[in-house]
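J.: Heads up, the sequence shown is in the numbering used here, so the first residue is 9 and it goes up one at a time.
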Amino acid sequence: MERTYLMIKPDGVQRNLIGEVVSRFEKKGFTLVGAKLMTVTKETAETHYAEHKERPFFGELVDFITSGPVFAMVWEGENVISTARTMMGATNPAEAAPGTIRGDYGVQVAMNVIHGSDSTESAKREIGIFFEDAELNNYEKVVNKWV
Ligand code: RTP
Ligand code: MG
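#1: Below 7 Å between beta carbons: does that hold for glycine 37 and leucine 144?
#2: Report all residues from its chain with a CB closer than 6 Å to the CB of alanine 98; omit the five preceding and five following residues, and keep chain order.
#3: Between valine 70 and the ligand MN, is the CB less than 6 Å from at least one heavy atom?
#4: If the criterion is Cβ atoms closer than 7 Å, does the pair alanine 80 and methionine 119 meet it?
#5: Return the residue from the list Ser31, Thr49, Val48 and His56 that minimises the CA-CA distance to glycine 124.
#6: So, helix, strand or coil for threonine 12, using DSSP?
#7: Provide the residue span of the alpha helix (DSSP H) that contains histidine 56, from first to last.
#8: Counting Cβ pairs, one atom from each stretch, are 3 or more of them under 8 Å apart for the stretch 22-35 and the stretch 132-144?
#9: Taking the Cβ atom as the reference point for each residue, do glycine 85 and threonine 39 lie within a distance shorter than 7 Å?
#10: Using C-beta distances below 6 Å, list every residue in its chain close to alanine 102, excluding the 5 sequence neighbours before and after it, in chain order.
#11: Here's the rule: buried if 16 or more other CB atoms are within 10 angstroms of the residue's CB, otherwise exposed. What is tryptophan 154?
#12: In terms of residues, what are the limits of the beta strand (DSSP E) holding leucine 40?
#13: Using only Cβ atoms and a threshold of 7 Å, which residues come within that distance of a heavy atom of the ligand MG? Order them by chain position.
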């Protein structure tokens, strides 16, 4: 079963959106297999965002993601990687469709509420950066036969 790494960014935590965001993925029918509130170190942030190292906004991005606690999560389900990205909406909240998380709750591109892995490789890599195997729960929900 496919897994993805989702992270409510410091703005989402500050704005009390953890419950709202978690609720959307639960109601959709995905399964939460791991979650924790944590403060990301500079080193971890630089590893996580390594693909953006040369971009002009890299420094700001790392400063922002380490500026306060994030809510790190691993979600499981059929096509969860791409479906979660659809539910998140466009990177820039100004362009994100209403009904998406960023479209409903974001204003600026830097503070766009949530991160989600963009491919199978990214998901595997990012889950490994933020979670130990023992923190991930392997279980089945009985309700999943109705999804
Ligand atoms: P994410 O990685 O956070 O899920 O977002 P994404 O795939 O939609 O966007 P990505 O291109 O990976 O960019 C990572 C994050 O960098 C910030 N960003 N700032 N100032 C800017 O022009 C700019 N562009 C991107 C955003 O917060 C974006 O989520
Ligand atoms: Mg990305």
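The beta carbon of each residue, even a glycine, is placed where N, CA and C say it ideally should be.
T.: Let's see:
#1: In this structure, glycine 37 sits away from leucine 144, with a CB-CB distance that is not shorter than 7 Å.
#2: So the qualifying residues of the chain are Ala104.
#3: This structure lacks the ligand MN; its bound ligands are the ligand RTP and the ligand MG.
#4: For alanine 80 and methionine 119, no; Cβs fall outside 7 Å.
#5: His56
#6: strand
#7: 50-56
#8: Three or more Cβ pairs closer than 8 Å define a contact, and the stretch 22-35 falls short of that threshold against the stretch 132-144.
#9: yes
#10: none
#11: exposed
#12: 39-46 is the extent of the beta strand (DSSP E) around leucine 40.
#13: His123 and Asp126
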